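A short worksheet on the structure shown next.
In this note's numbering, the protein residues as written are 356 to 976.
Listed below in structure tokens is the structure:
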């Protein structure tokens, strides 16, 4: 077959431009990434060879690094699974990942500051070779296939692919033509330093060819099998970088071994930064599964629930069969028990952090709290533990509060945990619906994550106290004692408003479910609330935005009977011939309440006309 000239996928060309010309703060990572890829290729072949030993043959698993100063090349070879033509095109010519555009946007922003922390997040480690090389050549032969293939590119928009007679017997050979300013990576001493710093934990031999002699330059032992006392913080960090394809440092490292009826080792990490695709629907648990040091799968969804999908690491089981299929993983009772043990351990470590390092924990919660709260909705078994870990913004101040802290500040007579749902905590704190609660010293939780709408309904109550939205149903504030010494709001008027209520109900008709005097308003003239049995207003807006709900339900318009505006309108309502004018005002106030909820007026043209009319009448008075 003749050579094929193919173009990179548009996103890949964009990525190569960023990597080759922007991310220069730590070019050592290219070698770490290529060695990690080589290690993964060997792991995958080792697993497949369990059921088909002919795939592996007699060639041992290893990674070999060969610098050639005369030719200005650096070669990284592995004896792993290898790639055929289609896999070379797919893996090296395209980024077949959802969320590509968002990732590249973040990467471009980071590149302006010379950062590299997003390379591994997206599994694009191969492309980091162009940090130090102006041309990259790949020769590969897939295990079990006869023909070999070559791939080459200068990273400038196109690549060449062809059949290769000199492909390795099995595996992949990557040759980098080193740039003038990257000659240091041809020095054997420099290569040893990088491998021992970043890849010492790789559990197969990494060999360096120096002056015709070959030497192993890594420890080549599974890090998770070593006692914790023998593993340094730096070794944990580099293993996290490898297993998690990450560039940040781990915020929490959990290394343990279970013995007894069930034996397994685990080395898990909680990142210090949030992955860009954390909330993408296709994102899965990314914890590697090994069986007696033999790699089985990159991402075993059965090891952890989806609400812990930010956790990276690996688990090595002594009890699973070596030839277990991925289909069998879904129903295996051993995995279910391992999962229970891992979740219990992770939750215990998080609880310890929350107690011992609350400021650090607040940062963790800011990164991953919205994901953890999915467990409140999905996982009844761990709900109590998760409620203890949950942290919330509230009207009590700028920091985060736990439910235990909230309960300790509840007012005498308060029978519920009060919440308000929306998109922005600052705006929620200024909502008219919480005015009466503030006046009584009642703390309100400000819930801004979409999952909050669902878990509060699923959980129902905590420690005997129901979760209750301040934007739904009656306020019941009369039962709650105000703090001692709290200023009581001065009455702004005592004029009866029954006539005004009746007039507003007639004028607004089906646009509202009811018009009533408010117990919860102290400063604002009006607000909207949902009836007791109706859907929360924020949830309704979310469902309408997702096109899962056709139209809004009519709400209750509450008016503040002591507000000067309402008092003045009540006086006007007692005068004959004012029904039409006050009907216009009723619609204006309803639209004002809608705007406060972040919604547009029902009819912007009518709103503008009514507002202009009201201003004109005021000027004429």
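No residue lacks a Cβ here, since even glycine has one placed at the ideal position from N, Cα and C. In this text the structure is predicted, and so the values were computed from the model without any measurement.
- Contact between the region 825-840 and the region 761-774 is present: 3 or more CB-CB pairs across the two stretches fall below 8 Å.
- For residue 882, the enclosing beta strand (DSSP E) stretches over residues 881-884.
- DSSP places residue 563 inside the beta strand (DSSP E), whose first and last residues are 561-565.
- Between residue 901 and residue 827, the C-beta gap is not smaller than 7 Å, which leaves the two residues out of contact.
- Closest by C-alpha distance to residue 796, out of 719, 930, 814 and 751, is 751.
- Note on the region 609-685: whole alpha helix (DSSP H) runs with a minimum of 4 residues are 681-684, in chain order.
- Cβ-Cβ separation between residue 363 and residue 486: approximately 17 Å, too far for a contact (criterion under 8 Å).
- For the region 893-972, the continuous beta strand (DSSP E) assignments of 3+ residues that do not extend past its boundaries occur at 910-914, in sequence order.
- Cβ-Cβ distances below 7 Å link residue 893 to 776, 777 and 808 in the same chain, with the five nearest sequence neighbours on each side left out; the list follows chain order.
- In the DSSP assignment, the residues bridged to residue 822 are 772.
- Under DSSP, residue 800 forms a beta bridge with 749 and 774.
- Counting only residues of its own chain and dropping the five nearest sequence neighbours on each side, residue 911 has a CB closer than 8 Å to the CB of 867, 868, 869, 870, 871, 883, 884, 885 and 886.
- About 6 Å separates the beta carbons of residue 389 and residue 484, which is inside the 8 Å limit, making them a contact pair.
- Between residue 526 and residue 448, the C-beta spacing is not below 7 Å.
- Taken through DSSP and simplified to helix, strand or coil, residue 737 comes out as helix.
- Distance from the CA of residue 684 to the CA of residue 951, rounded to the nearest whole angstrom, comes to 51 Å.
- Under DSSP, residue 506 shares a beta bridge with 493 and 516.
- Where residue 359 is concerned, the enclosing beta strand (DSSP E) starts and stops at 359-362.
- Annotation for residue 612: 620 place their beta carbon closer than 6 Å to its own, counting only its chain and skipping 5 residues before and after.
- For residue 531, the enclosing beta strand (DSSP E) starts and ends at 526-533.
- The region 689-703 and the region 737-746 touch, with three or more beta-carbon pairs separated by less than 8 Å.
- Distances from the alpha-carbon of residue 964 to those of 943, 974 and 953 put 943 closest.
- Each of 562, 403, 648 and 629 was checked against the Cα of residue 577, and the nearest Cα belongs to 648.
- Restricting attention to 899, 662, 725 and 519, the CA atom closest to the CA of residue 734 is found in 662.
- The DSSP-derived three-state label of residue 417 is coil.
- Between residue 801 and residue 748, the C-beta spacing is below 7 Å.
- DSSP places residue 759 within a helical segment (H, G or I) once states are collapsed to three.
- For residue 420, the closest of 954, 941 and 568 by C-alpha to C-alpha distance is 568.
- With contacts defined by Cβ atoms closer than 7 Å, residue 655 and residue 646 do not form a contacting pair.
- Put simply, of 783, 818 and 707 the residue whose alpha carbon is nearest the alpha carbon of residue 761 is 818.
- Annotation: the continuous alpha helix (DSSP H) that includes residue 710 extends over 688-711.
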